[in-house]
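Down below is the structure, laid out as structure tokens.
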Amino acid sequence: MQRFRIAAVGVAMAAATTGLIGGSARAAAPYVLLHSFSSTEGDRPYTGLTNYYNGVNNVLFGVTSADGANSCGSIFKQVVGGAYATVHSFTSAEGSDSSGTLVAASDGTLYGTCEFGGNVIGGYTYGTIFKMAQSGFTVTRLFAFSNDINGELPEAGLVFGDDGNLYGTTLSASNGAFYKITTGGTLTPLSNFWGLGISNTIVPLTRKNSSSFLGCGGYGGAYGYGTVYSTTTAGVGTVLHSFNNTDGATPFGRLLQTANGTILGTTAQGGAYGDGVIFKISSAGVFQVIYNFQGSDGSSPDGGLILGTDGYFYGTTRAGGANGYGTIYRTDVNGNLDTIHSFTGTDGSGPWGELVQVGSLLYGTTVEGGANNAGTIFSIDPANAISTMAISPTSVHGGTSATCTVTVRDPAPYAGTVVNLTNSNPTVATIPTFVKVINGNTSASFTITTNTVASTQNVTVTGTLNTSTASKTLTVNP
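For the sequence shown, position 20 matches number 19 in numbering that gives the first Met the number 0, and the numbering has no gaps at all.
What follows is the structure in structure tokens.
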């Protein structure tokens, strides 16, 4: 499993000893360990989760790469706010070592790939494509690779095109590194990327527009350290960037394209400290490293980025952080990065897949760690919250002022944290409409200015941040 990727999860833990420069750590966001995998149900989930709303609940589906009832991995579900269940254990004929994130059709049918399994040819298997229905969670093998023109080892998952077909890549092929397959199982090889110097195409594709996709080659390119490429649905490929190690190496994460056409991605190695980078490519094609990881803030960001509802980008690193077991981080488009969680091993270790957001929470998996050291499912709330609010003094004479201090749970990110303010008695006191906690700080103060009064009056000041609120009352005397 994952035989073409670098280093096992435990490697690079020593990188966590380097100093933190450039990023900022914050108090731990509310993190919940939802499930610890065991070998009997399947373990080592290398992928992210796929959310499907079934009309009643949001249900997260994923795959494990190993073990389970038939020692070939499994498909599982985690109901948001509910229970975990293994819904299918792969057989070797259906596929094994699934390591691509599932993709859901509008009717809830899930499509995915297995790196191995399928037909036995000369003692070897070369991988499969499968689908699973929501009704009864029945799995059907759509296609088995045979190490021929169609390729082999489809480690990357699938993506839907605008034409309703599924597109994906195989790790190697004589003429089939890029392919399309109908939902009925008819596969067409489209391109051999070796002619462009692209290799190790284990990264899931990203839809660029109605007629093209974006992807990464983990190795190859002009310098041998990997590439970013685009390809049309007809298989015409273009290398957008070749990594040279100084600007990153071995890009293993799915790319993200923003609304203005900017491409963001990560590399697992290379950069200023050798621990990987976050990069962006403008719509005009200009490449820029926006962050260099250095161990203490994370190392080996194998998974790609997602855009959160708050406008920040979120991702994970496989190693490094405060404890050496990987991190969850947040960044803006300019690389102002905050570490929001460092894994401890007991709560998970080595996240590889992308995160997924449902409501205000982020969900993900780790390959190892947890109760059985077999991987975990977790959630984390990245939203900051008000911890306390204080007014000093709490009683004043009208015409004088008091100071109100708001303290938030987590250090503010680069853009700051805005707490909105309301005043219960604006005829007696004046306050600003908001107060901003500046980057790296956890508190901010503002002045409450009072008017003269004929009788004692109370002024209640309320702060609101995301879903949290806090209130304090100032007494104003004649």
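Note that the Cβ used here is the ideal one computed from N, Cα and C, for glycine as well.
In this text the structure is predicted, and so the values were computed from the model without any measurement.
Using only the alpha-carbon positions, how far apart do residue i and residue j sit?
| i | j | result |
| --- | --- | --- |
| Ser298 | Gly236 | 30 Å |
| Val458 | Ser400 | 12 Å |
| Gly80 | Val366 | 22 Å |
| Lys471 | Asn422 | 10 Å |
| Gly487 | Gly347 | Only positions 0 to 477 of the chain appear in the structure, and residue 487 is not among them; the question remains open. |
| Thr245 | Ser467 | 43 Å |
| Tyr125 | Ile289 | 38 Å |
| Pro350 | Ser97 | 16 Å |
| Tyr30 | Ile148 | 46 Å |
| His34 | Ser210 | 39 Å |
| Gly214 | Thr429 | 54 Å |
| Gly163 | Leu360 | 30 Å |
| Thr187 | Thr127 | 14 Å |
| Gly184 | Leu204 | 19 Å |
| Gly167 | Thr461 | 52 Å |
| Val58 | Ser134 | 14 Å |
| Phe278 | Ala318 | 19 Å |
| Ala500 | Thr448 | Here the chain covers residues 0 to 477 and nothing more, so residue 500 does not appear. |
| Pro381 | Pro250 | 25 Å |
| Asp42 | Leu48 | 14 Å |
| Ser88 | Asn383 | 39 Å |
| Ser454 | Val427 | 11 Å |
| Thr261 | Ala82 | 38 Å |
| Thr181 | Lys130 | 11 Å |
| Gly294 | Thr316 | 10 Å |
| Val227 | Ser386 | 43 Å |
| Lys207 | Asn50 | 21 Å |
| Ile305 | Gly247 | 20 Å |
| Pro300 | His396 | 57 Å |
| Thr474 | Ala414 | 34 Å |
| Gly368 | Ser171 | 31 Å |
| Tyr45 | Phe342 | 16 Å |
| Tyr218 | Gly116 | 25 Å |
| Gly352 | Ala68 | 23 Å |
| Gly284 | Leu254 | 15 Å |
| Gln268 | Ser198 | 16 Å |
| Asn476 | Ala258 | 54 Å |
| Leu189 | Ala469 | 58 Å |
| Leu195 | Thr169 | 15 Å |
| Phe192 | Ala176 | 6 Å |
Would you give the residue range spanned by the beta strand (DSSP E) that residue i belongs to?
| i | result |
| --- | --- |
| Ser492 | Examination of residue 492 is not possible in this model, given that the chain is present from 0 through 477 alone. |
| Asp337 | Leu336 to Ser341 |
| Leu165 | Leu165 to Thr168 |
| Arg140 | Val138 to Ala143 |
| Ala469 | Ser467 to Asn476 |
| Tyr83 | Tyr83 to Ser88 |
| Val436 | Phe433 to Val436 |
| Ser35 | Tyr30 to Ser35 |
| Thr430 | Reading off the sequence, residue 430 comes out as Ile, not Thr. Looking at the DSSP string, Ile430 is not in any beta strand (DSSP E), and its letter there is neither H nor E. |
| Gly462 | Gln456 to Leu464 |
| Thr416 | Thr416 to Asn422 |
| Thr205 | Thr205 to Asn208 |
| Thr127 | Thr127 to Met131 |
May I ask you to list the residues that DSSP assigns as paired with residue i?
| i | result |
| --- | --- |
| Cys403 | Ile390 and Phe445 |
| Gly72 | DSSP lists no partner for Gly72. |
| Thr226 | Gly216 and Ser241 |
| Ser95 | Phe115 |
| Thr187 | Lys179 |
| Asp42 | Ala65 |
| Leu361 | Gln356 and Ile379 |
| Asn50 | Leu59 |
| Glu154 | DSSP lists no partner for Glu154. |
| Phe479 | Outside the displayed range of the chain (0 to 477) lies residue 479, so it cannot be described from this structure. |
| Gly236 | Thr230 |
| Tyr110 | Val102 and Lys130 |
| Arg408 | According to DSSP, Arg408 bridges with nothing at all. |
| Tyr123 | Ile120 |
May I ask you to check if the CB of residue i is nearer than 7 Å to at least one heavy atom of the ligand NAD?
| i | result |
| --- | --- |
| Gly275 | This structure lacks the ligand NAD; in fact it carries no ligand of any kind. |
*Counting Cβ pairs closer than 8 Å, one from the stretch 388–408 and one from the stretch 433–444, do we hit at least three?*
yes
*the stretch 415–432 / the stretch 364–378 touching (three or more Cβ pairs under 8 Å)*: no
*Should the stretch 305–318 be called in touch with the stretch 326–336, which here means at least 3 C-beta pairs below 8 Å?*
Touching, yes.
*Touching or not, the stretch 389–397 and the stretch 315–328, by the rule of three or more beta carbon pairs under 8 Å?*
With the cut-off at 8 Å, the stretch 389–397 and the stretch 315–328 do not touch.
*Can we say the stretch 154–172 touches the stretch 100–112, given the rule of at least three CB pairs closer than 8 Å?*
yes
*3 or more residues per run - each beta strand (DSSP E) lying fully within the stretch 290–327*: 312–316
*Could I get the ranges of all uninterrupted beta strand (DSSP E) runs contained in the stretch 250–281, with 3 residues as the minimum, in chain order?*
With a minimum length of 3 residues, the continuous beta strand (DSSP E) runs that stay inside the stretch 250–281 are 262–266 and 276–280.
*contact_flag[the stretch 72–91, the stretch 223–231] where n(CB pairs < 8 Å) is 3 or more*: no
*Three or more beta-carbon pairs under 8 Å between the stretch 277–291 and the stretch 337–347, yes or no?*
no
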